[in-house]
Amino acid sequence: HHNGCDKLSADKWEIFPQDIIIDRKIGEGAFGTVYIAKLNSSVSSNVKIMKHKFHGITENNSNVAVKLVKDNADPSELDDFCEEMKLMKDIGYHKNIVSLIGCSTIKKPLCLIVEYMEHGDLLNFLRKRRNKV
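Whatever position you read off the sequence shown (first residue = 1), add 7 for this note's numbering.
See below:
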């Protein structure tokens with residue numbers, strides 16, 4: 008059984024599931040559900056060191072958005088998700104778009120962790136971007 012994530016090895020972007028503290032659901036996406044979450048303090052402090060990766064996250068504003076792949080995602084949806092993850096890793100930090108913070112790919116559910124934009128709609132942004140790709 009193949010999905011695009013097989014090609015992805017755990018790298019510097021990997022965040023362990025136990026370090027992600029889910030707060031509440033904020034939306035449904037094409038591949039799953041989006042939640043507001045926080046990262047464990049150990050991850051957040053690591054984040055400060057990696058300035059190129061995390062720039063907007065400070066102690067008191069550490070909300071992130073977590074996109075969890077639904078359990079019943081089919082292989083093509085998983086492929087799409089993994090492509091998106093790869094694309095975001097390639098882009099890295101960019102001031103004009105929602106930046107990737109990390110991902111969790113070691114075990115299911117797969118998830119993508121990005122900056123939480125209080126005033127931006129992550130889902131619509133991702134949908135619009137997806138149609139252009």
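We treat Cβ as the ideally placed atom computed from N, Cα and C, and that holds for glycine.
- Lys74 sits away from Leu117, with the two beta carbons spaced by 7 Å or more.
- Judged by their CB atoms, Glu91 and Ser106 are not nearer to each other than the 7 Å cut-off.
- If you check the CB distance, Ile22 and Asp30 do not come in under 7 Å.
- By the beta-carbon neighbour count (other beta carbons within 10 angstroms, threshold 16), Ser69 is buried.
- Under the DSSP definition of a beta bridge, Ser111 partners with Cys118.
- Annotation for Glu35: the continuous beta strand (DSSP E) segment containing it runs Ile27 to Glu35.
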